[in-house]
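Mind the numbering: the sequence shown is residues 2 to 97 in this note's numbering, read in order.
Working notes for the structure below.
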Amino acid sequence: MKRRRFSIPTQVIIGLIIIGLLGSIIRSPSSYLIPLFIFAAIFILYKYPPNGLIRKGSSKTSYTYQNKTREKKKPSPFRVIQGNKDSSDDDTPKFH
């Protein structure tokens, strides 16, 4: 079975990217470590939030109270006004 390989220009570009990243990490590691620590802290807080930030479920009483206090709908003020046209079934389309 033949494995799919990258073309030679793609391999050269990926190699240059890796060499550039390693060189910049060696020259100034703090420029990569600080964002890495910030990302790790945000991820940990998202995955394991403190007890004060966890939302508790709301009670169902407020939901039922809201439904009971709602007024009934008013009837619509619109009316159908009969026109002067003949209403023959032959002229009406079968599909709208």
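Ideal Cβ positions, reconstructed from N, Cα and C, are used throughout, including at glycine.
Since the structure is predicted, the reported quantities are computational estimates derived from the model, not experimental observations.
- For Val13, the three-state secondary structure derived from DSSP is helix.
- In the DSSP assignment, Tyr33 falls within the alpha helix (DSSP H) that extends over 31 to 48.
- Rounded to the nearest angstrom, the gap between the Cα atoms of Val13 and Gly24 is 16 Å.
- Taking the CA atoms as reference points, Ala42 sits about 10 Å from Tyr49.
- Rounded to the nearest whole angstrom, the CA to CA distance from Leu34 to Glu72 is 59 Å.
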